[in-house]
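Working notes, structure below.
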Amino acid sequence: MDRMKKKIALAGNPNVGKSTVFNELTGMHQHTGNWPGKTVSNASGICKFRYTDYMIYDLPGTYSLIAHSQEEEVARDFLCFEEQDAVIVVCDAVCLERNLNLVLQTLEITSHVIVCVNLLDEAKKKKIHINLKKLSEKLGVPVVGTSARSKKGLDKLMASVDDVVYQRIKSNPNHLNYQPFLEEAITTVEATLKNFYPIQKTRWLAMQLLDDDIVLKEAVLDQLGQENFNVLEEVIEEARLCIYHNGIQKNHIKDVFVSEIMRVSETICNEVVTYENQEYMEKNIKIDKIITSRKVGIPLMILLLMVVFWITIVGANYPSELLSNWLFGFEDPFFQFLNFLHAPEWLSNMLVFGMYRVLAWVVAVMLPPMAIFFPLFTLLEDLGYLPRVAFNMDHAFKRCSACGKQALTMTMGFGCNAAGVTGCRIIDSPRERFIAILTNNFVPCNGRFPTLIAVLTMFFIGFSSSIGASIISVVLLTIIILLGIAMTLIVSKLLSKTILRGVPSSFTLELPPYRKPQIVKVIVRSIFDRTLFVLGRAISVAAPAGILIWVLANIQIDHVSILTMCSDFLNPFAQTIGLDGVILMAFILGFPANEIVIPLIMMGYMASGTITEYTNLLALKTLLVENGWNWLTALCVMTMCLFHFPCSTTCLTIKKETGSWKWVGLSILIPTIIGLTICFLLTTFTHYFGIV
Amino acid sequence: MYQTLDSLKIGDIAYIEEIRSEGSIRRRLLDIGLTPGCKVKCVLKSPSGDPSAYLIRGAFIAIRKEDATAIIIKGVEQNG
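The structure is reproduced here in structure tokens:
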């Protein structure tokens, strides 16, 4: 027998564990938490229950269905214009009242709603009791309590979904009743809408159109065509005028709707929620008071950053060496295997000494730090610390006419700048979003950390493996990061004084309660979702780049390789900024992935035209010094590493997010010019004073 | 003389009288449940004193000083 197929939408406020519910239902491993962009494009998965395959669509977390950010638009459009068999609205048991806002709004769109009161375990800990049965009676739809993180109640949730879809339960939502003149206005507009839309969902649409939702109007105009739309608009205007005559300002119609919804939420909550302990939030507040205090707030942030770096650097050292020995050990067998296949020698050389060596380097150098860094970061995120960073930093961003949430997108940039750029969707104001996108590259991503750390270690710290040395390297690295952050603020300010002129817009930020992170899950998820994803991308560009560099280094014209010709060409310019032709060439060829800059430099220096045996950093330093590196070169390389054009993936993401190559061009030019200028000044000064 | 939300000190409780902001922030505030009559408690100030975080319908929400000055409050209970 063919299984039935049904569509279910999953809606909910941000930070209510909606993605956890989704993951548990569909068995998918979507990362939970506020890494936006993950859910913005409607993730979907299948949940098999009884005789039906339920296709579950995970909508972005929204406070309401009155859209004003991209994410809310996605959720609203999905619920309003797509047909689905039922909607699950996930609520946070801890602040049910606010969450009911979305439930009641959804009920205005469709009656096929199942309310999932999640985080019941958290509520229990905080001694909040919710009478689910009574809530269900009040709302007129099924209510199921769940604790998705410990998989409790999800079967019951799906049973209710099944019941609603097959109408074993007849939902009977209590519609909200606004003042008679408003109801009349809604009915009038709805009557006209019904001529054009076959769907049942005209009530909400009518309410939004009365509120003069411009984006929605455009969507409706698209769907109806100009002629029909004109008819509709006339009806709407008349209705709005009628409301105006009843004493409500035209731009405050929404207030009346929302106030009524909130009033009903409040009444319902007063009846179904009991707080055994009113002061349940005190502990949270106590922690927050310290974390956001004048004395501790900012230093604690920097300290945490340093701890994360320290664990990453120290922890990655040994595995990195092990991994590189192991990977380079395959070189000979690989070469012999190719010989065994009678591959031509140039091909074997290209594949082994070009492609495989670059690949092995990228994996050995990147995998261990990422496998440590990402989980640590995810832990902080899971704990709820990151919104506090945005809270602490907001003032600085406001002074630069930017948004405090930019701090969140920057923390994402530490992992991957492309992810950071996508993350900028959490910023509502387009102007501030563009500032955040253009400056995201000033925080070094995971692909650039290894370069920074390697150069730091070789030229500024030395090779002792003592704790002291590792602490110095962390302090220096942190100073570099702080430089990047300072540059972010400066450039943000400059942008908002010039091409992105404007005043800081309004800003609200939710500080979700701290939650105990699920350590094992966090580690597994962050390794699979982030680490392997970023590594996979790096590998896919490192392989062709390895081949390309090998070809450039081995094809000779008049006994000079193309690589040498190019680097000779770049050399005079590169010298003025404290680098040399090979380094500059490596940065340019590293455009697809920043991770390969160091291996490219090594390859460029080797007469053989391939990377030498990578034994350790000491050997590398010898090679670099032989090729004329000194501390100024190292400093300039680190500066260029921090301030240069974003990688190709990030550039493509910027194009996607801003919709224009103009912004991509700017995001390439700004950091590159800054980097070149700093390096030029550094070089000129040190040469002038004869320090080097 | 009106009292506005930004005048609350940590621990103070008040009730919303009127929201005078317009445009997107008005919608945003309504979305998080800040409607007339709603109880708010100031719980945190950021290191520089701005923004502040308020307990609004069970959730902590940070609001900047500029935005808070457009929110009229009444019935302030000082606990700070």
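These protein sequence lines map, in sequence, to chains A and B. In short: position in the first sequence from 1, add 412, done, that's our numbering. In short: position in the second sequence from 1, add 1, done, that's our numbering. Each residue gets a CB set at the ideal place from its N, CA and C atoms; glycine is no exception.
Taking only beta-carbon atoms, is Lys701 of chain A less than 8 Å away from chain B?
-> Here residue 701 of chain A refers to the residue found at position 289 when the first sequence is read from its first residue. Yes, contact with chain B.
Below 7 Å between beta carbons is the criterion; list the residues of the stretch 1062–1081 of chain A that meet it against any residue of chain B, in chain order.
-> none
Where the stretch 23–39 of chain B meets chain A: residues whose CB sits under 9 Å from a CB there = Glu23, Gly24, Ser25, Ile26, Arg27, Arg28, Arg29, Leu30, Leu31, Asp32, Ile33, Gly34, Leu35, Thr36, Pro37, Gly38 and Cys39
Residues near Ile784 of chain A in its chain [Cβ-Cβ closer than 7 Å; skip 5 each side] | Numbered from 1 along the first sequence, position 372 holds the residue referred to as residue 784 of chain A. Ile723, Thr724, Gly727 and Ala728, listed in sequence order.
Please confirm if the stretch 51–63 of chain B is in contact with the stretch 918–931 of chain A, defined as three or more CB-CB distances below 8 Å between the two stretches.
-> yes
So Leu923 of chain A is in the beta strand (DSSP E); what residue range does that whole segment cover?
-> For this step, residue 923 of chain A is matched to residue 511 along the first sequence. Here the beta strand (DSSP E) through Leu923 of chain A covers Thr920 to Leu923.
Start-to-end residues for the alpha helix (DSSP H) that takes in Leu45 of chain B = Counting from 1 along the second sequence, the entry for residue 45 of chain B is found at position 44. No alpha helix (DSSP H) holds Leu45 of chain B; the beta strand (DSSP E) holding it covers Lys40 to Lys46.
Three CB pairs or more closer than 8 Å across the stretch 34–50 of chain B and the stretch 490–499 of chain A = no
Just confirm the distance between the C-beta atoms of Gly393 of chain A and Ser572 of chain A, as a whole number of angstroms; I'd bet it's less than 8 Å.
-> Past the edges of chain A, shown from 413 to 1104, lies residue 393 of chain A, and the structure says nothing about it.
Below 8 Å between beta carbons is the criterion; list the residues of the stretch 899–920 of chain A that meet it against any residue of chain B, in chain order.
-> Pro916, Ser917, Ser918, Phe919 and Thr920
Tyr475 of chain A: contacting residues in chain B (beta-carbon distance under 9 Å) | If you number the first sequence from 1, residue 475 of chain A lands on position 63. Chain B residues near Tyr475 of chain A: Arg29, Asp32, Ile33 and Gly34.
Which value, in whole angstroms, describes the spacing of the CA atoms of Ser732 of chain A and Glu67 of chain B?
-> Here residue 732 of chain A is taken as the residue at index 320 of the first sequence, counted from 1. Here residue 67 of chain B is taken as the residue at index 66 of the second sequence, counted from 1. Approximately 50 Å between the Cα atoms of the pair.
Would you verify that the beta carbon of Ile17 of chain B is, or is not, closer than 8 Å to some beta carbon of chain A?
-> For this step, residue 17 of chain B is matched to residue 16 along the second sequence. Not one chain A Cβ lies under 8 Å of Ile17 of chain B.
Would you list, in chain order, the members of the stretch 47–62 of chain B that have their beta-carbon closer than 9 Å to a beta-carbon of chain A?
-> Ser47, Pro48, Ser49, Gly50, Asp51, Pro52, Ala54, Leu56, Ile57, Arg58, Gly59, Ala60, Phe61 and Ile62
Extent of the continuous alpha helix (DSSP H) run through Lys75 of chain B = Along the second sequence, read from residue 1 onward, the residue named residue 75 of chain B stands at position 74. It is not in any alpha helix (DSSP H) - Lys75 of chain B instead sits in the beta strand (DSSP E) that spans Ile72 to Glu78.
State the start and end residues of the unbroken beta strand (DSSP E) segment that holds Ala808 of chain A.
-> Along the first sequence, one-based indexing puts residue 808 of chain A at 396. No beta strand (DSSP E) contains Ala808 of chain A, which is instead part of the alpha helix (DSSP H) from Leu798 to Arg811.
Once you ignore the five residues that flank Pro924 of chain A on each side, which residues in its own chain have a CB closer than 6 Å to its CB?
-> Along the first sequence, one-based indexing puts residue 924 of chain A at 512. Hits under 6 Å: Asn427 and Gly796.
Cross-chain neighbours of Phe803 of chain A in chain B, by beta carbon under 8 Å | Translated into the one-based positions of the first sequence, residue 803 of chain A becomes position 391. The contacting residues are Leu45, Ser47, Pro52, Ala54 and Ala63.
List the residues of chain A that Asp68 of chain B touches, going by C-beta distances under 9 Å, in chain order.
-> The sequence position of residue 68 of chain B within the second sequence is 67, counting from 1. Within chain A, the residues near Asp68 of chain B are Ser918, Phe919 and Thr920.
Consult DSSP for Trp722 of chain A and reduce its assignment to one of helix, strand or coil.
-> The residue labelled residue 722 of chain A in the question sits at position 310 within the first sequence. Three-state DSSP puts Trp722 of chain A in a helix.
Would you please state the rounded distance, in angstroms, between the beta carbons of Leu628 of chain A and Gln620 of chain A? I believe it to be under 8 Å.
-> Position 216 of the first sequence holds residue 628 of chain A. Position 208 of the first sequence holds residue 620 of chain A. The Cβ separation is near 5 Å, so the contact holds.
Near-chain B residues of the stretch 807–823 of chain A (beta-carbon distance less than 7 Å), N- to C-terminal order | His807 and Lys810
Look up Lys460 of chain A in the DSSP assignment and give the residues it is bridged to.
-> Within the first sequence, numbered from 1, the residue matching residue 460 of chain A stands at position 48. According to DSSP, which records beta bridges pairwise, Lys460 of chain A is partnered with A:Asp465.
Report buried or exposed for Tyr475 of chain A, applying the criterion of at least 16 other Cβ atoms within 10 angstroms of its Cβ.
-> By 1-based counting over the first sequence, the position of residue 475 of chain A is 63. Tyr475 of chain A should be labelled buried.
In three-state DSSP terms, what is Tyr609 of chain A?
-> As a first step, residue 609 of chain A is located in the first sequence; it is residue number 197 there, counting from the start. If DSSP states are grouped into helix, strand and coil, Tyr609 of chain A belongs with coil.
CB of Val1049 of chain A within 8 Å of CB of Ile1085 of chain A, strictly | Taking the first residue of the first sequence as position 1, residue 1049 of chain A is located at position 637. Taking the first residue of the first sequence as position 1, residue 1085 of chain A is located at position 673. Taking 8 Å as the Cβ cut-off, Val1049 of chain A and Ile1085 of chain A do not qualify as a contacting pair.
From A:Phe945, A:His1099 and A:Thr863, residue whose alpha carbon lies closest to that of Leu1029 of chain A = Translated into the one-based positions of the first sequence, residue 1029 of chain A becomes position 617. For Leu1029 of chain A, the nearest C-alpha among the options comes from A:Thr863.
Thinking C-beta only, is Glu595 of chain A closer than 8 Å to Asn586 of chain A?
-> Numbered from 1 along the first sequence, position 174 holds the residue referred to as residue 586 of chain A. Numbered from 1 along the first sequence, position 183 holds the residue referred to as residue 595 of chain A. Contact: no.
Would you please verify whether the beta carbon of Met619 of chain A is less than 8 Å from any beta carbon of chain B?
-> On the first sequence, residue 619 of chain A is found 207 positions in, with the first residue counted as 1. Chain B contact via Cβ: absent.
Over what stretch of residues does the alpha helix (DSSP H) that includes Ile1082 of chain A continue unbroken?
-> Indexing the first sequence from 1 puts residue 1082 of chain A at position 670. Counting along the chain, the alpha helix (DSSP H) containing Ile1082 of chain A begins and ends at Trp1073 to Tyr1100.
Does the separation of the CB atoms of Thr851 of chain A and Val903 of chain A fall below 8 Å?
-> Along the first sequence, read from residue 1 onward, the residue named residue 851 of chain A stands at position 439. Along the first sequence, read from residue 1 onward, the residue named residue 903 of chain A stands at position 491. Yes, Cβ-Cβ distance for Thr851 of chain A and Val903 of chain A is below 8 Å.
Alpha carbon to alpha carbon, what distance is there between Met1015 of chain A and Gly958 of chain A?
-> One-based indexing of the first sequence puts residue 958 of chain A at position 546. One-based indexing of the first sequence puts residue 1015 of chain A at position 603. Those two C-alpha atoms are separated by around 10 Å.
Mind reading off the beta-carbon distance from Ile939 of chain A to Phe786 of chain A? Whole number of angstroms is fine, and I expect it under 8 Å.
-> Within the first sequence, numbered from 1, the residue matching residue 939 of chain A stands at position 527. Within the first sequence, numbered from 1, the residue matching residue 786 of chain A stands at position 374. Right, their Cβ atoms sit about 7 Å apart.
Sub-8 Å separation of Glu639 of chain A and Lys550 of chain A beta-carbons | Position 227 of the first sequence, counting from 1, holds the residue named residue 639 of chain A. Position 138 of the first sequence, counting from 1, holds the residue named residue 550 of chain A. Against a cut-off of 8 Å, the Cβ pair of Lys550 of chain A and Glu639 of chain A comes out as no contact.
Between Glu509 of chain A and chain B, is there a C-beta pair that is closer than 8 Å?
-> By one-based count along the first sequence, residue 509 of chain A stands at place 97. Interface residue, yes.
So, is Ser1072 of chain A buried or exposed, given that buried needs 16 or more other C-beta atoms within 10 angstroms?
-> Locating residue 1072 of chain A in the first sequence gives position 660, counting from the first residue. By the 10 Å Cβ count, Ser1072 of chain A comes out exposed.
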